[in-house]
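Q:
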Amino acid sequence: MANFRTHFGVASLGGGLAAQAGWQVSLWSGWQALAVAALVAFGGILPDIDADHSQAVRLIFHILAVAAIVLAVLILQQRLTPAGLFAVCGGLYLGVRYVASALFARFTVHRGLWHSLLAAAISGLSTTAISFTLLDQPERLAWIHGLALTLGFLIHLTLDELYSVDLTGARLKRSFGTALKPIDWHAPGGSLMLLLASTHLLSWLPSLAVLRQLLDQSLSLWR
Ligand SMILES: [Zn+2]
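Residue numbers (numbering that gives the first Met the number 0): 0 to 222.
Written out as structure tokens, the structure reads:
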């Protein structure tokens, strides 16, 4: 299993390269490239949200808590007094950083549900939905944000798989096949619940035609 530094290093490198390549072919502007790089890097550590007590978990929940505060300020600043906003932000930070992180530690198994292609897709769709609906980003950019997070997530799962192969003897370690899997076969119920919960995302997403157009454009540039 790859460690935190490897995950963060490789995903940051991948994010930097993707952001630079897209900027050069005018898929996005310089400022948007920074967001792409950051989202790929964050996606590259996100699957280890299920590893109890790891350095990655503390950092992930810290970033999620800060992101929740930024969202709350953007959405509620017109509706609350400064004191009310301060109380909400404090509550949100404690709630995400400590309560949500404790719940995650209690109910997830390392390299279970969160190390799967299903989780990669749902995390990407959630990012697109937040970017489009809560942050009012244009449809195309919202899809780019979701794809960037998914790319980082996939880099993580691939690295976990590569590290489970003993390269010297080409022998497969026991953890082979536990990261890059479509769903968590040991707990299909959890995967099904995640899938059902994610159907709520559908009404929050931008148009699929915009995604198709973006993918077509990226593929033709690649060729
Ligand atoms: Zn992992």
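Here a beta-carbon is modelled for each residue, glycine too, at the ideal position from N, C-alpha and C.
Which same chain residues end up closer than 6 Å to H155 when comparing Cβ atoms and leaving out the 5 residues on each side of it in sequence?
A: If we look at H155 and ignore the five residues flanking it on each side, its Cβ neighbours are H6, G43, P46.
Q: CB L84 to CB Q76, shorter than 8 Å?
A: Contact: yes.
Q: Run the proximity test for A178: is its beta-carbon closer than 7 Å to any non-hydrogen atom belonging to ligand 2?
A: By its list of ligands, the structure shown excludes ligand 2, since it contains just ligand 1.
Q: Nearest CA to the CA of G8: which residue from V39, L161, L207, V87?
A: Considering only alpha carbons, the answer is V39.
Q: Helix or strand or just coil, what does DSSP make of I121?
A: Helix.
Q: Within 10 Å of its beta-carbon, does F106 have 16 or more other beta-carbons around it, so buried, or fewer, so exposed?
A: With fewer than 16 other Cβ atoms within 10 Å, it is exposed.
Q: Between which residues of its own chain and A64 is the CB-CB distance below 6 Å, once the five residues before and five after are set aside?
A: Cβ within range, chain order: Y92, V95, R96.
Q: For R222, does the three-state DSSP call read helix, strand or coil?
A: In the structure shown, R222 sits in coil (DSSP, three-state: anything other than H, G, I, E or B).
Q: From D183 to S219, what distance separates their C-alpha atoms?
A: Answer to the nearest angstrom: the Cα atoms are 34 Å apart.
Q: Do F131 and A141 have their C-beta atoms closer together than 8 Å?
A: Result yes, Cβ atoms of F131 and A141 sit closer than 8 Å.
Q: In terms of residues, what are the limits of the alpha helix (DSSP H) holding P81?
A: From DSSP, the alpha helix (DSSP H) with P81 extends over 81 to 93.
Q: Starting from the N-terminal end, write out each residue whose C-beta falls within a distance shorter than 5 Å of any non-hydrogen atom of ligand 1.
A: Chain-ordered list of matching residues: P46, D47, D159.
Q: My understanding is that L124 touches L193, with C-beta atoms under 8 Å, so please give their C-beta distance in whole angstroms.
A: The Cβ separation is near 11 Å, so there is no contact.
Q: Pick from A186, L133, L116: whose alpha carbon is nearest that of I68?
A: The shortest Cα separation from I68 among A186, L133, L116 belongs to L133.
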